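Visitor:
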Amino acid sequence: MAKISRLLRTPAALRQLRSFWRGYINWRFLPSWPAVPRGKSTHDETNPLRSFFDSRTVGPGIWKWVHYFDIYHRHLNRFRGQKPRILEIGVYSGGSLDMWQEYFGKGCQIYGADIEPSCRAYEREGVKILIGDQSKRDFWRDVKSELAPLDVVIDDGSHVPEMQITSLEELLPHLNPGGVYICEDIHGTLNPFAGYAAGFSENLHACEGGGDNLQDNERRIVFKATPFQSEIHSVHFYPFVTVVEKNTSPLTELVCPKHGTQWQPFLR
């Protein structure tokens, strides 16, 4: 802890902290967008997840923020019909298990994890229920020993930041290449999970093990990919949601070629 405390007092850490607060406070430079009339829909009308939700008037309940459906569809559409392996943390009334099974199509395998044993009632062909506490690393280790690597994880469980962090740390390494991890219901400014995810995403910007190659325009600037950059494709932030996507194959380097002949007025 003493070492971490010293690191936090370094000039680089202090500059980053000042930038964080500057961004947090000074959002008002953004333009004012025209107000959307109350009741007017702004979602993709062709989104099958939203259509499924809107048609669910009876039966097992689904409780979601409506803007989530476009986020889901944007990041998960490529798995449809590919027989993916899906884990949703938080079963509740079981309705979202129906939604995922319909969305991903025949041959998909859905897993639902919940702390409530009665959720086993939702188990059926193509849907397996896992009972345990998402805050317990031993539970996730047992899950990983039982299940083959997953393609998608959706955390709609406790909504407690520390539990969300534990689940991410345990399950992100268990995702297949190209996998997607979605953590939802991240509520409140300065939410600890949001802060964790922001710090996590900083690793995407590392510049290590390389530099300028002045005699080779096709490899003018090259940096060796860090282990993090090799594994993680991107981190996305939305209202109440963070999405982490993994690379489909390991990234070995980041290359910046130089094409063209005219570089005035600054470069030669």
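Take the position in the sequence shown, starting the count at 1, then add 5; the result is the number in the working numbering. Even glycine gets a Cβ: it sits at the ideal position worked out from N, Cα and C. Remember, predicted model here, so these are calculated numbers, not experimental data.
#1: Just the Cα atoms here: how many angstroms apart are R224 and V260?
#2: Hey, would you say V157 sits closer than 8 Å to L54, going by beta carbons?
#3: Go through its chain and collect everything with a Cβ distance to I76's Cβ below 6 Å, but skip five positions before and after it.
#4: Using only the alpha-carbon positions, how far apart do L209 and D138 sit?
#5: In three-state terms, what does DSSP make of T171?
#6: So, using beta-carbon positions, are H192 and P154 closer together than 8 Å?
#7: Could you pull out every unbroken alpha helix (DSSP H) segment of at least 4 residues lying fully inside the region 30-118, listed in chain order?
#8: Would you call the CB atoms of G100 and P65 closer than 8 Å?
#9: Could you tell me whether the Cβ atoms of R125 and E175 are closer together than 8 Å?
#10: Between which residues of its own chain and P182 is the CB-CB distance below 7 Å, once the five residues before and five after are set aside?
#11: Evaluate Q169 with the Cβ neighbour count: other Cβ atoms within 10 Å of its Cβ, from every protein chain shown; 16 or more gives buried, anything less gives exposed.
#12: E189 and D161 look like a contact to me (Cβ under 8 Å); what is the Cβ gap, rounded to whole Å?
#13: Verify whether the separation of the beta carbon atoms of A230 and T266 is less than 8 Å.
#14: Roughly how many angstroms lie between the CA atoms of I9 and T171, to the nearest whole one?
#15: What residues in its chain sit with their C-beta under 7 Å from that of S98, if we drop five residues either side in the sequence?
#16: What is the DSSP secondary structure of V148, counted as helix, strand or coil?
#17: Look at the Cβ atom of G112, then the Cβ atom of R85, and state whether they are nearer than 8 Å.
#18: Considering F242, what are the terminal residues of the beta strand (DSSP E) in which it resides?
Guide: So, to answer that:
#1: So the two alpha carbons sit approximately 6 Å from each other.
#2: Between V157 and L54, the C-beta gap is not smaller than 8 Å, which leaves the two residues out of contact.
#3: Excluding positions up to five away in sequence, the list reads Y243 and V246.
#4: One C-alpha to the other measures close to 31 Å.
#5: Here T171 sits in helix by DSSP.
#6: One thing to note: H192 has its Cβ no nearer than 8 Å to the Cβ of P154.
#7: Runs found: 53-60, 73-81 and 100-109.
#8: It is a contact, given that the beta carbons lie within the stated cut-off.
#9: Between R125 and E175, the C-beta gap is not smaller than 8 Å, which leaves the two residues out of contact.
#10: The residues are K251, N252, T253 and S254.
#11: Answer is buried; the Cβ neighbour count reaches 16.
#12: Yes, they are in contact, since the Cβ atoms of E189 and D161 sit about 5 Å apart, within 8 Å.
#13: Judged by beta-carbon spacing, T266 lies beyond the 8 Å limit of A230, meaning their Cβ atoms are not closer than that value.
#14: Low per-residue confidence applies at I9: pLDDT is 47, beneath 50, and the placement is therefore not dependable, though the value from the model is reported in the following sentence. Cα-Cα distance, rounded: 20 Å.
#15: P65 and G66.
#16: Of the three classes helix, strand and coil, the one that applies to V148 here is helix, per DSSP.
#17: Cβ atoms of G112 and R85: not closer than 8 Å.
#18: Element bounds for F242: I237 to Y243.
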